[in-house]
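In this note's numbering, the protein residues as written are 944 to 1020. Every residue, glycine too, gets a C-beta built ideally from N, C-alpha and C.
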Amino acid sequence: MKTTISLPGALFASADSLAKRLRVSRSALYAAAVAEYVAKHRDADVTARLNSVYADSPSGLDPDMRRAQARSVAEDW
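Next comes the structure, spelled out in C-alpha coordinates:
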(Lines of atoms letter the chains of each structure in order from A and count residues from 1; the text may use other names and numbers.)
(Lines give C-alpha, C1' and ligand atoms only; values in the text may rest on other atoms or scores of the structure.)
Protein backbone atom coordinates (compact mmCIF):
# COMPACT_ATOMS: atom_id res chain seq x y z
CA MET A 1 0.00 0.00 0.00
CA LYS A 2 1.43 3.36 -0.93
CA THR A 3 0.92 6.38 1.29
CA THR A 4 2.29 9.87 1.64
CA ILE A 5 3.43 11.39 4.92
CA SER A 6 4.90 14.73 5.91
CA LEU A 7 7.92 14.80 8.20
CA PRO A 8 9.94 17.64 9.65
CA GLY A 9 13.20 18.03 7.74
CA ALA A 10 15.41 16.98 10.64
CA LEU A 11 13.40 13.80 11.23
CA PHE A 12 13.51 12.95 7.53
CA ALA A 13 17.28 13.45 7.47
CA SER A 14 17.74 11.26 10.55
CA ALA A 15 15.54 8.53 9.09
CA ASP A 16 17.34 8.73 5.75
CA SER A 17 20.72 8.44 7.49
CA LEU A 18 19.54 5.48 9.57
CA ALA A 19 18.14 3.70 6.51
CA LYS A 20 21.49 4.09 4.75
CA ARG A 21 23.39 2.81 7.79
CA LEU A 22 21.07 -0.20 8.04
CA ARG A 23 21.17 -0.69 4.27
CA VAL A 24 17.39 -0.72 3.95
CA SER A 25 15.08 1.48 1.95
CA ARG A 26 13.30 4.36 3.65
CA SER A 27 10.03 2.53 2.95
CA ALA A 28 11.32 -0.55 4.79
CA LEU A 29 12.50 1.64 7.67
CA TYR A 30 9.15 3.42 7.93
CA ALA A 31 7.24 0.12 7.73
CA ALA A 32 9.38 -1.37 10.51
CA ALA A 33 8.92 1.75 12.65
CA VAL A 34 5.14 1.73 12.23
CA ALA A 35 4.97 -2.02 12.93
CA GLU A 36 6.97 -1.55 16.14
CA TYR A 37 4.79 1.39 17.20
CA VAL A 38 1.58 -0.57 16.56
CA ALA A 39 2.89 -3.61 18.47
CA LYS A 40 3.91 -1.43 21.42
CA HIS A 41 0.46 0.09 21.66
CA ARG A 42 -1.28 -3.25 21.16
CA ASP A 43 0.73 -4.63 24.10
CA ALA A 44 -0.29 -1.61 26.18
CA ASP A 45 -3.94 -2.22 25.27
CA VAL A 46 -3.69 -5.87 26.33
CA THR A 47 -2.07 -4.87 29.62
CA ALA A 48 -4.79 -2.29 30.27
CA ARG A 49 -7.52 -4.84 29.56
CA LEU A 50 -5.91 -7.43 31.84
CA ASN A 51 -5.53 -4.84 34.59
CA SER A 52 -9.21 -3.98 34.33
CA VAL A 53 -10.20 -7.67 34.47
CA TYR A 54 -8.10 -8.32 37.55
CA ALA A 55 -8.92 -5.02 39.27
CA ASP A 56 -12.04 -6.55 40.81
CA SER A 57 -10.30 -9.75 41.91
CA PRO A 58 -8.71 -9.97 45.32
CA SER A 59 -4.94 -10.01 44.96
CA GLY A 60 -4.20 -11.76 48.22
CA LEU A 61 -3.23 -15.38 48.56
CA ASP A 62 -6.09 -17.79 49.17
CA PRO A 63 -6.30 -18.52 52.94
CA ASP A 64 -6.06 -22.30 52.41
CA MET A 65 -2.99 -21.84 50.22
CA ARG A 66 -1.43 -19.53 52.79
CA ARG A 67 -1.89 -22.17 55.53
CA ALA A 68 -0.44 -24.90 53.30
CA GLN A 69 2.59 -22.74 52.55
CA ALA A 70 3.09 -21.95 56.22
CA ARG A 71 2.97 -25.67 57.08
CA SER A 72 5.47 -26.60 54.36
CA VAL A 73 7.94 -23.91 55.43
CA ALA A 74 7.71 -24.94 59.07
CA GLU A 75 8.69 -28.54 58.23
CA ASP A 76 12.34 -29.63 58.12
CA TRP A 77 13.85 -29.89 54.68
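Please determine, among 961, 981 and 980, the residue with the shortest C-alpha to C-alpha distance to residue 972.
-> By alpha-carbon distance to residue 972, the top candidate from 961, 981 and 980 is 961.
Helix, strand or coil at residue 989 [DSSP, three-state] | helix
Report the rounded CA-to-CA distance for residue 991 versus residue 1001, giving the unit in angstroms.
-> 17 Å
Whole angstroms is fine: what's the gap from residue 1015's alpha carbon to residue 982's?
-> 43 Å
Span of the alpha helix (DSSP H) around residue 965 | 952-965
What residue does the alpha helix (DSSP H) around residue 1006 start on, and which one ends it?
-> 1006-1017
Own chain, CB closer than 6 Å to residue 1005, minus 5 neighbours either side, in chain order = Non-local C-beta neighbours of residue 1005 in its own chain, meaning closer than 6 Å and more than five positions away in sequence, are absent.
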